[in-house]
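J.: Quick note: to get this note's numbering, add 1 to the position in the sequence shown (first position is 1). For each residue, glycine too, the CB sits at the ideal point set by N, CA and C. A quick note: this is a predicted structure, and the numbers were derived from the prediction, not measured. Mind having a look at this structure? Questions to follow.
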Amino acid sequence: MKKTHSRLTLEDIAKEIHISRTTIYKVLNQKGTVSEQTRQTVLDALKRYDYVPNNNARNLALNKNYIIGFIDFESPDAAYFAPVIEQGIRQAIQEYGDHGLEVHHYTAPIHQPKQQLLDLKKAFQSGIRHFVISAADPAQMHTALIKLAEAGCTVILLSKDVPDIPFYPFIGVDAYKAGQLAAEVLGKMQPVNGSVQILVAEESSSNMTVTQNNLCGFLDQMNHFFPSVRILPIVRHLKDSCMVDEHLTRILIEEQPTAIYDLTYRLDTISRVLHRENRTDITLVGMDLFPAIVPYLKDRTINAVIFQDLQAQSYLACSLLFEYMCYGKPISQKKYYSKLEIVMSGNLEYFLNFEESAL
2 MKKTHSRLTL
12 EDIAKEIHIS
22 RTTIYKVLNQ
32 KGTVSEQTRQ
42 TVLDALKRYD
52 YVPNNNARNL
62 ALNKNYIIGF
72 IDFESPDAAY
82 FAPVIEQGIR
92 QAIQEYGDHG
102 LEVHHYTAPI
112 HQPKQQLLDL
122 KKAFQSGIRH
132 FVISAADPAQ
142 MHTALIKLAE
152 AGCTVILLSK
162 DVPDIPFYPF
172 IGVDAYKAGQ
182 LAAEVLGKMQ
192 PVNGSVQILV
202 AEESSSNMTV
212 TQNNLCGFLD
222 QMNHFFPSVR
232 ILPIVRHLKD
242 SCMVDEHLTR
252 ILIEEQPTAI
262 YDLTYRLDTI
272 SRVLHRENRT
282 DITLVGMDLF
292 PAIVPYLKDR
302 TINAVIFQDL
312 QAQSYLACSL
322 LFEYMCYGKP
332 ISQKKYYSKL
342 EIVMSGNLEY
352 FLNFEESAL
């Protein structure tokens, strides 16, 4: 009996023969450098699985540019954010650039959200109709997002969700679950009568929703599973490293916490204070992995951070839009939540290649 195969997509074939889809594209489009052996393996697989190329999509990929307007911001309080996002864009260009993908990247200072609106207007007037938007101020971006929908644009929201804009997909982290995970890690490291000091950054239109959801998740988990651990009065509105240093120095004397949960995103500053005050015995847990805190993870001043892969998020946003534009592949989900991972001294090495590239 003749063996038959159901019609497979290029993605299916790539998995079957363990060759990347990008390499298969190169063989199909006769672009790039591919070894003769690999080329023959791909051609044999295409024949074996009766692959029929979508000539229309193929011709479009060969002859047309697919432009994404990437509207982003940079913050001095999280300087690592923008470079890692840029790495994800470069990864998408590396994979899809030969097939027409272009990304026009606009970056505004976080405290100038109106510049984002001007960047968006400029991109729209240039003819761009597909956008990845990480809003510095979701409230100010609200009206513009509605107008983009009315104009038939495709938009993916990155990192900063806009709750009352339900018609755009979101790529980022589930902040509530991130807080829960942080509590799970920190709580298990505490003595029965331990005490936790929570430090929170000055809230802004950019970080308010994420911070509040994270904090709620943390407190709910601590109260439910670790009721014997005391939550000290939360210290809020810490707007810079000097304030973090000043308040933490006082807290170490007056409150004597056994643990600190950081939502200021200044783990490097907190670590320096703990070293200076000879209090590296305190459990320290925070969010995100960035180059400045690597030494403190290595020496265990920081016990754990909750990691979200920002590069993967921006790459996913670009790839989803490209495949929608070029191949008509629908963006099927409303929420694309990043996998949350716990990074500690023992597994730090597996994350260093990602982070050190941002140094």
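Buried or exposed: LYS340, going by 16 or more other Cβ atoms within 10 Å of its Cβ?
T.: exposed
J.: Go through its chain and collect everything with a Cβ distance to ILE307's Cβ below 7 Å, but skip five positions before and after it.
T.: ALA179, LEU182, ALA183, MET288, LEU341 and ILE343
J.: With ASN224 and ALA176 assumed to form a contact (beta carbons below 8 Å), what rounded beta-carbon distance in angstroms separates them?
T.: Not really, about 18 Å apart at Cβ, beyond 8 Å.
J.: Just the Cα atoms here: how many angstroms apart are GLU75 and ILE199?
T.: 25 Å
J.: Within the region 187-224, note down every full alpha helix (DSSP H) run reaching 4 residues or more, in order along the chain.
T.: none
J.: Does the separation of the CB atoms of LEU264 and THR212 fall below 8 Å?
T.: Yes, these two residues count as a Cβ contact at 8 Å.
J.: Can you tell me where the alpha helix (DSSP H) holding ASP246 begins and where it ends?
T.: 242-255
J.: Check each candidate in GLY98, TYR50, THR281 and GLN116 and name the one with the smallest Cα separation from CYS327.
T.: GLY98
J.: Kindly indicate the opening and closing residues of the beta strand (DSSP E) around PRO296.
T.: Careful: PRO296 lies outside any beta strand (DSSP E), inside the alpha helix (DSSP H) at 295-299.
J.: So GLU324 is in the alpha helix (DSSP H); what residue range does that whole segment cover?
T.: 311-328
J.: Keeping to the same chain, check which residues put their C-beta closer than 8 Å to that of SER135; ignore five residues upstream and five downstream.
T.: ILE72, ASP73, PHE74, ILE86, LEU158, LEU159, SER160 and LYS161
J.: At the level of alpha carbons, what is the spacing between HIS19 and GLY329?
T.: Note on geometry: alpha-carbon atoms of HIS19 and GLY329 lie some 25 Å from one another.
J.: Are at least three pairs of beta-carbons, each pair with one atom in the region 331-339 and one in the region 105-118, less than 8 Å apart?
T.: no
J.: State the DSSP-derived secondary structure class of MET288, mapped to helix, strand or coil.
T.: strand
J.: Looking at the structure shown, is LEU29 part of a helix, part of a strand, or coil, going by DSSP?
T.: helix
J.: I'd like the ranges of any beta strand (DSSP E) spanning at least 3 consecutive residues and lying wholly in the region 85-162.
T.: 102-110, 131-134 and 155-159
J.: If we ignore side chains and look at the alpha-carbon of each, how far apart do TYR262 and LYS48 end up?
T.: 57 Å
J.: On the DSSP letters alone, give me the boundaries of the beta strand (DSSP E) that VAL1 sits inside.
T.: Here the chain has residues from 2 to 360 only, and residue 1 is not among them.
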